[in-house]
Every structure is written in structure tokens, then in C-alpha cells.
Amino acid sequence: MKGDAPPRAVQLEMYYYLRLTRALDERAQVLYKQGKVVGGLFSSLGQEAISIGSAFALEKGDYVGPMIRNSGTVLARGHTARDVMSNYLAKATSPTGGKDNSQHFGDIERTGVISCISMLGTLVPVMTGMALGARMKGEKRVAMTYVGDGASSTGDFYEGLNFAAVQRLPVVVIIENNGYAYSTPTSKQSLLRNLADKSKAFGIPGYAGDGNDVLEVHSITKRCVEDAREGKGPQLIEFKTLRMRGHATHDDASYYPPGLLDEWMKKDPIARFEKKLKPTKEEKAAVEERLKTTVDDAVDFAEKSPPPPGENALQGVFEDDSIIQFTPWWKRDA
Amino acid sequence: MKGDAPPRAVQLEMYYYLRLTRALDERAQVLYKQGKVVGGLFSSLGQEAISIGSAFALEKGDYVGPMIRNSGTVLARGHTARDVMSNYLAKATSPTGGKDNSQHFGDIERTGVISCISMLGTLVPVMTGMALGARMKGEKRVAMTYVGDGASSTGDFYEGLNFAAVQRLPVVVIIENNGYAYSTPTSKQSLLRNLADKSKAFGIPGYAGDGNDVLEVHSITKRCVEDAREGKGPQLIEFKTLRMRGHATHDDASYYPPGLLDEWMKKDPIARFEKKLKPTKEEKAAVEERLKTTVDDAVDFAEKSPPPPGENALQGVFEDDSIIQFTPWWKRDA
Amino acid sequence: MPELTFLQAISRGMWEEMEADKSVFLMGEDIGRYGGAFKVTEGFLDRFGPERVLETPLAEEGFVGAAIGAAYVGMRPVVEFQFIDFIACAFDMIANFACTSRYRWGQGVPVTFRGPWGGATKAGPFHSRNIEMWFAHTPGIKVVAPSTPSDAKGLIKACIRDNDPCLFLEHKALYRRIKEEVPDNSPPIPIGKAKVVREGGDLTMISYGYMMHRCLEALGQMKDVSVELIDLRTIYPLDRAAIVESVKKTSKVMVVHEDTRTGGVAGEIAAIVNEEAFEYLDGPVVRVTAPDAPVPSAPSMEEVFLPSVADIVQATRKLANY
Amino acid sequence: MPELTFLQAISRGMWEEMEADKSVFLMGEDIGRYGGAFKVTEGFLDRFGPERVLETPLAEEGFVGAAIGAAYVGMRPVVEFQFIDFIACAFDMIANFACTSRYRWGQGVPVTFRGPWGGATKAGPFHSRNIEMWFAHTPGIKVVAPSTPSDAKGLIKACIRDNDPCLFLEHKALYRRIKEEVPDNSPPIPIGKAKVVREGGDLTMISYGYMMHRCLEALGQMKDVSVELIDLRTIYPLDRAAIVESVKKTSKVMVVHEDTRTGGVAGEIAAIVNEEAFEYLDGPVVRVTAPDAPVPSAPSMEEVFLPSVADIVQATRKLANY
Ligand SMILES: Cc1ncc(C[n+]2csc(CCOP(=O)(O)OP(=O)(O)O)c2C)c(N)n1
Ligand SMILES: Cc1ncc(C[n+]2csc(CCOP(=O)(O)OP(=O)(O)O)c2C)c(N)n1
Ligand SMILES: [Mg+2]
Ligand SMILES: [Mg+2]
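Chains as they are written, first to last, in my numbering: chain A, 54 to 387; chain B, 54 to 387; chain C, 660 to 981; chain D, 660 to 981.
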């Protein structure tokens, strides 16, 4: 199932966001080695096409729940490079004010991006609920989220998608099958060749595609988003890809069989797309220019931003802060 | 997929256990109305063929995890009518000594029956673990359990069966699809016509059968048990049936559409089996005799049994009872 | 003024909130035509329709997640657990997702979790559990446990209007046992405020839920001891001020709860009293609780398991005479 | 005698138990060739093979259930959570199935649940949580939290040999930070026994896990106060005798934990001390704990969130001078 490719202007934007995602990832790797990243750093290297292709398939007002390898989605949906970088560094200026880290942030109103938590699978029921709530309000919004091959083993994935199916909700779930959950090969997660076949447990459509072909990702996702919006219920898509780094920066992926990375290097989604797109010298120069300023500014902003004031730790648990704020006995002066 | 029917002698035993299950259920209903049953009373009326047909498909040494409507399974696997009745009444003589109620009991060594808890779906992972443990010990035991149409919506069902599939464990899961989860029709649990199709999410075989035909239940289950034992991995079976009473004794099932009960009355598993089996006068008389004495004895035993001593409430939380047993300040005499 | 049972008061409170606010809706198992296992939502389907009385698949983690998502877009879901024990099946979604949401990214989660709760109904280990401290110890959720119809109605309304997750505990043993006149369209009762049910000078007795009624029964048998009886009504946040004020007056305090002992709220109260009123204390903070065990099925054992009126009397006398 | 880090001691303890008992095996995510997220099981796959170092799908509730089933047939599974925070995903299976098993039908569940635990590692809200009281308040499971390599090795062995569910908490901040000489084939250390780390007369300081080390650091700065320092080592069952004996000697007690305040073990200890040693108390039971909030990511906030050495010093001095 392919729709037609987006106009060249849009493709150039997709190209820019692919490059931006990768550029930010590379800079984040450096910052991590300098000990400036708070928490783990999970790379999307090699998987950018899934985030970008799918994000561009959404309409304004749609909701998306990205996971830790979907910084591309977050950027393409309107978050700034500053948001991404400052959250990696858990600065006061970050979208979470340093409360959370990694790719855990969002903005329901402005970007429709929902912040994930570390417990994998949890976003599937939550996005289902957003689609449900929107429908109750008479809105035709689609809610999309991502799970890995590993996360597709969770009961949350199953319960959430089944609920969406029974309610025929406009939910799109993308399985990013990169063949591994941390060090665990997909063969230890499931007997299925195609995880898209899990759709059969819900009686919903399931599709599989090449996760390293941004236009294929875009067209398959776009069709699913349209079907979902038209009331055809939830859609499950599996995109096959490979994580081109370890699970996180501390992991060298030595468990990958020899040759695996080389093989996939040939399938690099950005190089492939560039071949198809053939950007002109001018177009490319413009992208490079835009990238450089954006990335430098984001890193600069994140690094120069102050850490959050420590006392903020005691704010925002409840709407009423006084609930948790009181002076313990030993802090009171007699 | 049918195997051949068991020899007539075995069929007569199956007939007896079908009748025993129903007879005990009817007596339990009376005891409930007399206020003697502790906790809810969940009837298997109309579903007996699933418990009996499947229980007879197991070999000695196999494990089975019955749910609340599977008293037939428990009886056919070697628990006494006294066990069943005394546990309904939560007496000191009951298998749980009154600690638990309903169909929540078992005996790993003697009968291979595992006690369920109320949280539906939990037995699927647990039975998977029993099959795993047995395999590690070099034993060829099959582990079987049941879920309802409702329970098949749980993440536990999904995570447990998927683990069994990946490990290719000898696990058989039977979905008793009686069309309702309490008052909720299966259409609110799943979009699937056949819940057996959930097997496709695990890459394992799935079969559907008539839950009111004890011989069909037996032959399908037997084949699956054999396949599982031969290393073909977990098997999923859906048997369609109808709960001929409300969810529990307090529920009159007024949400059933008119005519539904009459329609299924015609499919009564015991009457149908009797037509096929054509027991002779003598055979029938023998069964009646055996039933009467067994049931009367069980009810009598349960009623006459003492309640457990109250202090037992403080025993058996840990192997070492002293951990939770101590005298609170106010109980000590000054 | 209508006389309502505990159950009717809860039902009425939800009804009035649904009438007043379109964003309020119900989710759960068998809550529609059947009206819920205990009939708390009887009649709601006819009045509010299947969209606002949404029957879910049998999947607590899943429908709790869906409730959170709906709350994110401005709805106010009220989620029923058929028995509150089944909230354990949705524990991760509540404790990790809902309870941290405002803190980590500023998104409040106005969801009310409710269900039949507690023991003394011969319901066995899986339909009797006191789950309050699992959540009182989880920052980000309020825990409410009324003991009277009027408090139940006022507090369910407060939970529904609250912009943070609330856990509303409905003691099964009270559903049809107690009645009270409760006005229509009554206002919400603030969460976090305890109630002095009876004033007294000899000692302070603190409890909540069904045990409040055993405490009252015990006091009926001890006309000679002047007890100040406090109904916590809210387990989290605790009304520290009310507790401390009373203890400063009576100098002695005992806590009665049917929850198990270790990690029960009585320990928390002991610590608060130590920190805030140590110099006023003329006796140890006394705990009358269930032992550290699951809830047994047999009535004979459940009687021993739960604090009895006699236990409360004995503890009260010992502390009073201390 | 080999010098082992905290991590190596745990690893070594499991190794020796697996050598000694064929029924002991490991389950979890990435514990095989990769050796686990923190490398606690590095080398186990080569020695014990994939059957006894069983890598699971990403499904905690599922593999915990499988561990229970394996235990039912005589195995002794040791289940690793990649971070202990993910135990919330298996909460129902542990709290309702495993913890009630012996009570309701006499079947013990000899499963050890273990994983990296606690804060002070800038790991944010979902990789730092103190989950101990969720389980200490759930009858049927023991909760162990050592603070030294030798205790860690002895207690993991005790957990594995125990016939009831045990939760073994491994503080991440200690994994590679501390070393100690620990003999090979050392014996198990009994669960439920606290340890007097330092004797003193002015007051009793009680803690566990990583906070023990901040307590020691604080004491290093207060040569003028004679503090009796107790390492709980086990959160459930608590060593009531050790606590009470010390308080009877010092008459003052403070509890330090990184867990959040409400419902933390400090409250339980306050109640125990009240019940068992009220007349010896010369001051309130003092709590130095984290506030009721999730664990924030930014180091600047986590520093404020966690009890600091300075906090402990300040609290100690105030209580000592009380
Ligand atoms: C419920 C849960 N269990 C365990 C973890 C620890 N963990 C973090 S990432 C990860 C692997 C995830 O693999 P996959 O879902 O395939 O996503 P990928 O990293 O490959 O993108 C694991 C096990 C977690 N985050 N959540
Ligand atoms: C996890 C969980 N949620 C809710 C319940 C309450 N409950 C008990 S039985 C039941 C309906 C079960 O339906 P089904 O699985 O189809 O089994 P049946 O009763 O039809 O045999 C429900 C919702 C439960 N026992 N467990
Ligand atoms: Mg993956
Ligand atoms: Mg059913």
C-alpha cells in the first residue's frame, strides 16, 4: 500500500529533519562523553527515517507519543533543537525544567507530543485514551505512538491496542523492529517473522515496511493515519530497521554478529534518501547552513542554561505545592 | 482435527464426572441460598463438558490450573467432592483450611491441580513456569489452564502465552468463550469472531471447537496435549459455550437476550452426551447411586465440618510463623 | 432531604457531577446496563448513554492508561475497579505514569479511581484487601476513605473536581449498612480534612472507613472514658493539624485500622505525633490493626484478623489507665 | 581472601548458590551474554548455560509469573529486574499471587526478586525509586537491603535459600563504589537481623542501603556526639529487638532513609519504639527522609531531594541537644 510521495518542498523538509535528528544525536554523543548528559543517551542513529517519515504523515492537531529513539518525531512535530538538547542536559530551560530527562517531554497544546515514561508499552493505552477523549469532544484527531520489538511483548501493548480496536479508535501504533531489545534478539521476544502479524490478535489491519526508506515509511503511515481518521479503527505498522549504535552510549553492541552493521550501513536511510532526492548544491548548502546554526545554537543554549534551582524538587507533585512542602522537625530552629 | 473417541468405559467415567459436577453445583446453589457458602458461588452449569473433556485429555503427572468454573476439572483430576464442598463452605477440613474459598485450591503433588487467584489471567504465566520448571527437571509434563473470553483480554494472558511460545513450552490454554464476561458481551472484549485467532499473535496453533460436545472437547484437547508434549510448543484452543446461570448466584443474567438460554438448553452438554453414549439402565442406575452417595456425603461432610480455629488467621504467611505473630502492646497485661 | 445509603450517596455524588460537567465520564467493567457489580452506577447508562458510561475490556492496566489519556485532553474520567483489589493489575500505570505526570512534565491527571474496598464481608483474600498505603506511599495521588454517606458524597465530588489523581475507597461493609440524610446538590467536602466526630479529653482515637463504626460501637461501651474520636476521611494528605491539635489536648493517642500493621497509616501517625507533639505525650502511640497477613476467607478467621470492638475497648482502657 | 565490590559480592553469592544447588537459576532481560545492564551476571552464561541463565521477553508480569510456576515445581528462580523500578509492572503477580500463595494453599514460593535500586545516580524518576515499602506493607514477602559487600553476599544467599519470596535490593550507587574482603563460600547471613555498626550512648541512628554511608560520613564530622549506628539490613521483617534494645540504651532515635517520607519505614520504627520503649524516650523519633515527590533528574534537584550528610549532621545535633 503506497500513497504518492509528498511534494519536493516537503521532501526537502524531511531531508532537513533527518539530518537535524542525526546531527543532534552526534552532538549529544559528544556531550555524553563529556559527562554533561543526565541519564542514559539512547541513539536513533539509523532509525531516523521511521520518526521523520511517520511524523510527516500526521496532520496538525494529531497526537503523537514518541519513545526514546524518536527525537526526530519530536523535532518534526514542532519542538526545537533547544528543547531536545536542554532536556538531555536536564537544564532549568528544558521542557521539563530538569525534572525528567532523555526524550521524555512534550506539549499537548502546541505540538501534540506526549511525554513517555521509561516503562515500555505504557503509551499504547494512554494514546488510546487520547483518541478516545478527542472523539468524545467531537474532534477527528489521530493518536500515534511507537513501540520497539521488545516493547511489543508487553501486556500494555496488548491491552491498549485491543481497547483501541474494540472502540474503533483512530490510533496508529508503529513497531520499530530493529531486531534487538537492548542485547536481546527479536527471536527471544516472539516466534513471529513479522511482528505486524500481531494485528491479527486484535482484528485490525497490520502492515510491514522498510524502516530505512523514509518515503515508504511516510506513505504507509499516511495511509494508516487516513484510514484511522476515517473511522477504520486502529492500525498496526511494523518497520524493520537496525539500531546503528548500542542500546545506549555505554553499550558497544558487541553482541551484534560480525558484518551486521556493515550490511545495514549500506541501507543508511539518509544516504538512500539523498540519492533519491538529489538535492541541488544550493539546496544542500542551505540545509547545511540551517543545520549548523540550529545545532550550534541548541548546544550552546543547553550548555549555557543554568541547572534548575534545587528547591524545584519540591514543586509540582500536586497542583497545591503546600501538600508536600513542610519543614521537618530537625530543620526548625528551636 | 479429531482423534478417536475414548473407550466406552472411559466415556462412562466422563459421563459420571459431568453429572457429578452438575450435581455438586446444584447442591452448592442450595447451600448458597441458605447462606452457608463463603464468598461468591460461580456456576459451571452448561459448561461442564469443557472441564471434563479437557481434564480427561491429560496424562497422569500433567499440571492443570482450573478457574472458578472448572470444578469439573478439579474432580476429574482426583480431588474429592468433599474437597469442593468444604472449600465452598471454607471449613477447617477444606483443602485450604478455610483460608481461601470457591474453586481456589489444589495439590501439586497428588493431583497436579494449581490453585488460581481471583485476578484473571495470572495463571497463564504461572502454568508456563510450571512447564518450564518441569522441562528443566527433564520431565515431559504438560501444563494446561483456562481463561474466559474476558480474561483473554488481559496482559497476563498475552505475556504468559508469548513466553511459552518463545520457549516452545508444553502449555495448553483453553479459552472458554461463553459469550459473556459477567454482563459484558464478548463484542466488548474483542473484534474477533474466533478468539482462537489470538494464537496468530504468538505464532502458535489455534483451534476452535464446540464446548458443549464433551467428545469434541476431549479429542481436540488430547491432540493439543500430545502436540505440546512432543515439543510443538504451546497450543491455544477456543471452546464456545454458554454460562447457563448468571455470573454468580446473585446475578439473574437478565442481560441475556430473550431466547438465548432456551436456544442453548437444546445444546445441553450432558443431555447430548447421554444421547450419544446411550447408557444402559444398569449403567445409569449405577451412576445415580454413585452420585447420590458421593454428593450427600460431600455436603454432609462439609456441613458437619467445624469452622477453622480463628487463630489460624495468623499462621502460614511465612514458613516461620513467628515473623507475624507477636502480642501488640495493648494485649499485654501490664 | 433524601435519606441515602452510603452507596446511594456515592452514586448521587457522581450523578450530580456528571449532570454539571460534560467532561466527567465513567469507565469500568459491567458499569453500564448491569450497573456495576454493586449497582453503584445503576441508571447511569440510561441517563448518560454508553459513551459516558463506558464499558471496558477486562484489562485494568489498559483502561487506566486510557483514562489518563482521556484526562490529558480535558476529560475527567471516573474509573471503577470491580473490586479495588484489582487496582494491583494497573499498578504500574497509576504509580509510574499517572502519579508522576504533573511533576515530570506539568500535565495534571484529573482521574478518579474508585471501587469497593475492605474486609468484614467474608470475601476472602482477593476481594477484601486494604490497598490504601500502596498509594499513600506513592507521591502524586490523593487517597480518600469516607465513613458516612454525607462525607462519601462530598468527597467523591471533591475527587472528581480535583486536578490530580484521586483514589476513592468505598467500604463494601458500609454500602447498604448505613443511611443518612444528604441534601441534593450538596457541595464538595475538601480533601485532606479530618473530622472530629466526638470531643473528649482522656485520649484521642483515630480511625477511618468501616473501622470508624467499630470505634463508635466501642465508645458506646465505655461511657466512663472521655475519648476524642477523629475520622481521618483522607489518608493522603493526612490532616496533620487536626491530629496534633487533638493530641495536644488529650496527650494520648491510639489508631485503629483494618489495614495490616507494618507500613499501615498508624505508623505514619505515630511519627507525626512524635515530631509535632512529643512533649505532650503521656503514653505510647497505640496501634490496633490487622496482623501482617492476607485476609482469610473463613468468618472465624476473619473475625480474629480484623480489629474487633472488644479489641478497641481493651486497647482504649489500657491506654486510658496508662 | 578476595576483595570484592558490592556488585561482585552479589554476583559471587549467586554464583556459589548456583554451583551448590541445581535448582537455582536466573531469569531476566539481557542477563545472558550481555551479563545484565550492570553486568551482575557477567560470565554466568558461559558457566551455567542458557537454561539456567534464562533471557526473557520484555514482560515483567509474565516472567515473574513463570518464576512462580517454576518455583512450584521445585526450582529456585532468581529474577532480575533491569532496574527495580520495573517491578511495578509485575506488581499484581507478586503482591497477589506470590505473596499470598503459602497462606491460601500452603505452597511456598522460593523466588528471589532482585535489581538495581535507589537514587543518587542522576537516573531520574524511573530509574531511582525506593520501592521497598510497597512490599514491606504486603504480607508474604521479605525485603532485604544490604549496605556492604559482605552483607550483600551473605543476604543474597539467604534469600535464595529462603522458602518464601524475597526482594533483594541492590543500591546502584554502591555497586562499584565500595570494596571489602569477603571469603569464598561464605555462609548466608540471616534475614531479619539488623547490625550495630557503631556503638554509642547519646542517640540511636537507624538507616539502610546507600544512606548508611552518608550516615557514616556524617558521624565522621561529629566526633563529639556518641551515636549508636544501626544498619537495618532487612526492611521486612524488621529487627524489633535490636531497635528497641538500642533505644533503651540511648533514649533517642532518628531514622535516615532516601525513601519518601509518608509511609516510609521511619514511621513504622517510630510506632515500634513507642510501643516497646516509650518510657525510655527522651526525645521525639526523628525522621530524615526524602520529601513526598518522585525522584527528579537534574543533579541540583536530586541533591535537595535526598537526605544529605549536612542534613544528617543537623538532625543529629538537634536531637542530641534536645
Ligand atoms: C517495562 C520495561 N521493562 C524493562 C525496561 C528496560 N529497558 C529499557 S529499553 C529496553 C529494551 C527495549 O527494546 P525495544 O522495545 O526493542 O526498543 P529499542 O531499544 O530497540 O528501540 C529495556 C529492556 C523498560 N524500559 N521497561
Ligand atoms: C483482573 C481482573 N479484573 C476483574 C475481575 C472481576 N471479575 C471476576 S469474573 C469477571 C468476568 C470474567 O469473565 P470471563 O473471563 O469471560 O470468565 P467467565 O466468568 O465468563 O467464565 C470479572 C470482570 C477479576 N476477577 N480479575
Ligand atoms: Mg528493538
Ligand atoms: Mg466469559
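Glycine included, every Cβ here is placed at the ideal spot set by N, Cα and C.
A distance criterion of 7 angstroms places the beta-carbon of E739 of chain C beyond contact range of ligand 2, judged by its closest non-hydrogen atom.
C:E675 is the residue among C:A725, C:G728 and C:E675 whose C-alpha sits nearest the C-alpha of G702 of chain C.
Not one heavy atom of ligand 4 sits closer than 7 angstroms to the Cβ of Y309 of chain B. Counting along the chain, Q667 of chain C sits inside the alpha helix (DSSP H) bounded by residues F665 to A679. Set against 7 angstroms, the gap from the CB of V200 of chain A to the closest heavy atom of ligand 1 is smaller.
In terms of Cβ geometry, A696 of chain D and Q741 of chain D form a close pair [threshold 8 angstroms]. For G118 of chain B, the enclosing beta strand (DSSP E) begins and ends at Y116 to G118. Counting only residues of its own chain and dropping the five nearest sequence neighbours on each side, Q378 of chain A has a CB closer than 7 angstroms to the CB of L367.
Around the CB of A949 of chain D, 16 or more other CB atoms lie within 10 Å, so the residue is classed as buried. The Cβ-Cβ distance between V177 of chain A and V117 of chain A does not fall below 8 angstroms. The beta carbon of A184 of chain B lies closer than 6 angstroms to those of A196, L222, P223 and V224 in the same chain, with the five residues before and after it left out.
Set against 7 angstroms, the gap from the CB of L245 of chain A to the closest heavy atom of ligand 2 is not smaller.
Between the beta-carbon of L828 of chain C and that of I743 of chain C there is about 6 angstroms, and that keeps the pair under the 8 angstroms contact cut. For I161 of chain B, the three-state secondary structure derived from DSSP is coil. If you check the CB distance, E714 of chain C and T237 of chain B come in under 8 angstroms. The beta carbon of S956 of chain C sits closer than 8 angstroms to some beta carbon of chain B. Under a 10 Å Cβ-count criterion, Q880 of chain D is classified as exposed, with fewer than 16 other Cβ atoms of the shown protein chains found around its own Cβ.
As for any alpha helix (DSSP H) of minimum length 4 sitting wholly inside the stretch 771-856 of chain C, the runs are 791-795 and 808-820, ordered along the chain. Taking 8 angstroms as the Cβ-Cβ cut-off, the stretch 817-831 of chain D has no residue approaching chain C.
Between V886 of chain D and L875 of chain D, the CB-CB gap reaches or exceeds 8 angstroms. At the C-beta level, L94 of chain A and A81 of chain A come within 8 angstroms of one another. Contact with chain D is found for A747 of chain C, since one of that chain's Cβ atoms lies less than 8 angstroms from the residue's Cβ. By the neighbour-count definition (other C-beta atoms within 10 Å, threshold 16), P359 of chain B is an exposed residue. Contact between V348 of chain B and A76 of chain B holds, with the beta-carbon distance rounding to 5 angstroms and staying under 8 angstroms.
Per DSSP, Q82 of chain A has no beta bridge partner at all.
Within the same chain, and ignoring the five residues on either side of I273 of chain A in sequence, the residues whose Cβ sits closer than 7 angstroms to its Cβ are M54, Y260, G262 and I290.
Positions of the beta strand (DSSP E) runs, each at least 3 residues long and wholly inside the stretch 197-234 of chain B, are given as 224-230 in order along the chain. In this model, Q220 of chain B and T771 of chain C are separated by some 40 angstroms (Cα to Cα). Here K293 of chain A carries a strand assignment [DSSP, helix/strand/coil].
Taking a cut-off of 8 angstroms on C-beta distances, the stretch 777-786 of chain D touches the stretch 952-965 of chain D, as three or more cross pairs fall below it. Proximity of chain B to V945 of chain C at the Cβ level (cut-off 9 angstroms) is accounted for by P381, W382 and W383, in chain order. A distance below 7 angstroms between beta-carbons, with the five flanking residues on each side excluded, links Q100 of chain A to the following residues of its chain, in chain order: R122, E229, N231, G264, T294 and R296.
At least 8 angstroms separates the CB of L176 of chain B from every CB of chain A. In this structure, R892 of chain C keeps its C-beta atom at 8 angstroms or more from the C-beta atom of K838 of chain C.
Just so you know, the alpha carbons of A901 of chain D and I850 of chain D end up roughly 13 angstroms apart. According to the DSSP assignment, P736 of chain D belongs to the beta strand (DSSP E) that extends over R735 to E739.
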